[in-house]
C-alpha cells in the first residue's frame with residue numbers, strides 16, 4: 004500500500020512580510036502572508052508551516068494578531084513556530100485556528116515545554132523543529148536561535164529526547180541546504196526518521212519534485228517541506244508563488260508496509 | 016443560521032471562517048436560546064471523549080441537543096470528536112456517548128514494524144458508500160480530506176456508513192442516518208473538498 008507524503012510550503016515571517024533565506028541568511032522579501040495563504044488555498048496545498056524567524060532573536064512574543072489574521076484565511080492545516088516559550092502562548096495560538104505549534108529554540112533548553120504542550124494539547128499539536136548543520140569532521144550539530152547558536156547537541160539524540168517528551172512530529176531542517184535547491188540532506192533526514200517513530204518532515208534543499216520523492220524513498224520522511232521552490236521561479240529567482248500539480252504531489256509517496 | 020456548538024473542546028474559528036467564505040451565516044455558541052433557534056447544528060471538537068461528554072453535560076447541552084436532533088430532526092453535522100460523541104461510546108473513555116448512531120469509537124492498532132502511525136494524520140482519499148447530498152454531485156475525480164485522529168468509528172449498522180477511508184484497515188470516515196451526519200476528517204481544513212462538503216450541508220439539507 005502506498006501512503007501519500009504531505010508536501011508542505013514553509014513560509015518565513017519577518018515583521019509583517021514573508022521572506023526567503025539562503026543558508027539561514029540574506030532574507031529576500033517575497034510578499035504578503037495573507038495573499039500567499041490565499042494562493043495556497045486555491046492551489047490546494049496539503050498543509051502550511053509559518054515560521055517567524057525573528058521572534059526569538061528579538062526576544063519578543065509571537066505576533067498573535069497577525070497569526071490570527073493568517074489562520075482565518077487558511078483552509079488547510081497550519082503550523083506556527085517562532086518565539087513560543089509558554090503553554091499559555093501555545094493555547095492562544097491554537098485557539099486562533101492554528102493546528103500545530105512548532106518549537107525550536109525553547110526545546111533546546113530542555114524537554115519541559117514539549118512535555119507540557121503535549122499533555123495539554125496532544126502530541127499531534129506539537130512539532131519540534133531541529134535546525135542542523137554538518138560538522139567539519141563528520142556528524143551533525145543542532146543550532147538554535149534561527150541557526151545562530153550552537154546547541155552542542157546531535158540531531159538524532161535531540162529528536163529522540165523530544166519525542167520521548169511527547170513531540171508528535173519532527174521537522175528536520177538542513178541549514179547547509181536551505182535555499183540552495185540542490186536536494187535534501189538525505190543522510191540527515193534518514194538518520195532522524197529511523198531513530199523516531201513519529202512522522203518526520205524533511206526540510207532544506209528541495210529544488211524539484213524528484214528531490215521530494217528522494218526524501219521519502221531514501222530519507223524515509225513522512226512529509227516534505229520547502230521554501231524557495233514554492234516562492235521563486237526560474238534562474239533569476241523571480242518571486243512567483245507556486246505549488247506542484249495534484250499528480251506531482253501524489254507522486255511523492257512511500258510504501259507504508 | 017447554523018449554530019456551531021461551543022462546549023470548550025478546541026477551536027471552531029476555522030469552521031466559521033469557511034462558512035463565511037461560502038456566504039453562510041453561522042455563530043459559535045453555547046447559548047441555549049441560539050441553539051433552539053438555529054436551523055442547523057454543527058458539533059465540532061478536538062480532544063478526549065470523556066472531557067467532551069462531560070462538557071456537554073456540564074453546560075446542559077446534551078439534553079438540549081438530544082431534543083433538537085432526535086425529536087425536532089434538525090440537520091446536525093459532527094466533526095472529528097463531535098462525530099465520535101454521537102455514538103454509544105469510545106475505547107478512549109468511560110462515559111456513554113450521545114447514542115444517536117449505533118456505533119463505537121475504537122482505538123487504531125497498527126501492526127508492529129508497520130510505517131503506519133497513530134494518530135492517523137494527514138490527507139487521505141475517501142470513497143462514498145451510498146449516495147448522499149453531502150458529497151454529491153461528485154464531479155471531482157476523487158475526494159480527499161484532512162484527518163487527525165487516534166480513534167475511528169465502527170458502525171454496527173452498515174446502512175449508516177456514508178464514507179470510508181483507510182489506515183491499515185478500512186474505517187468509517189463519514190456516517191449519515193436521517194438528519195444525523197458525522198465526518199471524521201476536518202472539512203474546514205480540507206480547502207476545496209471541505210468547502211464543497213460544507214456548502215452541501217448548508218444548502219442541501221432541511
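Protein chains in written order, with the working numbering: chain Z, 4 to 260; chain S, 16 to 221.
Glycine included, C-beta positions come from ideal geometry on N, C-alpha and C.
Considering only residues of the same chain and omitting the five flanking positions on each side of residue i, which have a CB-CB separation below 8 Å?
| i | result |
| --- | --- |
| residue 164 of chain Z | 114 |
| residue 193 of chain S | 88 |
| residue 9 of chain Z | 49, 50, 204, 225, 226, 227 |
| residue 51 of chain S | 79, 83 |
| residue 89 of chain Z | 116 |
| residue 85 of chain S | 115 |
Which same chain residues, not among the five before or five after residue i, have their C-beta less than 6 Å away from its C-beta?
| i | result |
| --- | --- |
| residue 138 of chain S | 159, 161 |
| residue 27 of chain S | 19, 43, 59 |
| residue 171 of chain Z | 126, 127, 129, 201 |
| residue 180 of chain Z | 188, 207, 208 |
| residue 138 of chain Z | 144 |
| residue 71 of chain S | 22, 77 |
| residue 219 of chain S | 148 |
| residue 119 of chain S | 102, 103, 104, 169 |
Is it buried or exposed for residue i, if we count other Cβ within 10 angstroms and need 16 for buried?
| i | result |
| --- | --- |
| residue 187 of chain Z | buried |
| residue 107 of chain Z | buried |
| residue 140 of chain Z | exposed |
| residue 91 of chain S | buried |
| residue 250 of chain Z | exposed |
| residue 80 of chain Z | buried |
| residue 99 of chain S | buried |
| residue 242 of chain Z | exposed |
| residue 55 of chain Z | buried |
| residue 48 of chain S | exposed |
| residue 15 of chain S | With chain S running from 16 to 221 in the structure shown, residue 15 of chain S is simply not present. |
| residue 122 of chain S | exposed |
| residue 134 of chain Z | buried |
| residue 162 of chain Z | buried |
| residue 175 of chain S | buried |
| residue 41 of chain S | buried |
| residue 202 of chain S | buried |
Against chain Z, does residue i count as a neighbour if the rule is that its beta carbon must be under 9 Å from one of theirs?
| i | result |
| --- | --- |
| residue 210 of chain S | yes |
| residue 69 of chain S | no |
| residue 215 of chain S | no |
| residue 24 of chain S | no |
| residue 205 of chain S | yes |
| residue 61 of chain S | yes |
| residue 33 of chain S | yes |
| residue 163 of chain S | yes |
| residue 42 of chain S | no |
| residue 105 of chain S | no |
| residue 197 of chain S | no |
| residue 45 of chain S | no |
Quick check on residue i - is its C-beta less than 9 Å from some C-beta in chain S?
| i | result |
| --- | --- |
| residue 49 of chain Z | yes |
| residue 77 of chain Z | yes |
| residue 260 of chain Z | Any reading at residue 260 of chain Z needs caution, since the residue's pLDDT is 42, under 50, leaving its predicted position unreliable; the model's value is listed next. Cβ-Cβ to chain S under 9 Å: yes for residue 260 of chain Z. |
| residue 142 of chain Z | no |
| residue 221 of chain Z | no |
| residue 66 of chain Z | no |
| residue 125 of chain Z | yes |
| residue 9 of chain Z | yes |
| residue 171 of chain Z | yes |
| residue 44 of chain Z | yes |
| residue 74 of chain Z | yes |
Please go through the same chain and pick out, in chain order, the residues whose beta-carbon is closer than 7 Å to the beta-carbon of residue i, but skip the five residues on each side of it.
| i | result |
| --- | --- |
| residue 159 of chain Z | 194, 195, 198 |
| residue 18 of chain Z | none |
| residue 248 of chain Z | none |
| residue 39 of chain S | 17, 217 |
| residue 125 of chain S | 131, 133, 183 |
| residue 147 of chain Z | 107, 108, 111, 154 |
| residue 172 of chain S | 117 |
| residue 245 of chain Z | 233, 236 |
| residue 74 of chain S | 22, 45 |
Between which two residues does the alpha helix (DSSP H) holding residue i run?
| i | result |
| --- | --- |
| residue 97 of chain S | 96-100 |
| residue 95 of chain Z | 90-98 |
| residue 183 of chain Z | First-last for residue 183 of chain Z: undefined, no H or E at that position. |
| residue 148 of chain Z | From DSSP, residue 148 of chain Z is part of no alpha helix (DSSP H); its letter is neither H nor E. |
| residue 40 of chain Z | 36-46 |
Quick one: give me the first and last residue of the beta strand (DSSP E) that residue i is part of.
| i | result |
| --- | --- |
| residue 179 of chain S | 176-182 |
| residue 140 of chain S | 135-143 |
| residue 192 of chain Z | Residue 192 of chain Z -> not in any beta strand (DSSP E); alpha helix (DSSP H) instead, spanning 189-198. |
| residue 207 of chain S | Counting along the chain, residue 207 of chain S falls outside any beta strand (DSSP E), though it belongs to the alpha helix (DSSP H) covering 206-219. |
| residue 201 of chain Z | From DSSP, residue 201 of chain Z is part of no beta strand (DSSP E); its letter is neither H nor E. |
| residue 105 of chain Z | 103-106 |
Would you say residue i touches the ligand COA, meaning its beta carbon is less than 8 Å from a heavy atom?
| i | result |
| --- | --- |
| residue 180 of chain S | Summarising the ligand content, the structure contains no ligands, and the ligand COA is consequently not present. |
Positions along the segment 122-138 of chain S whose CB lies within less than 7 Å of some CB in chain Z: 129, 130, 131, 132, 134, 136, 137, 138
Against chain S, which members of the segment 85-99 of chain Z pass a CB distance test of less than 7 Å? 97, 98, 99
Closer than 9 Å between beta carbons: that is the criterion. Which residues of the segment 197-229 of chain Z meet it against chain S? 200, 201, 202, 223, 225, 226
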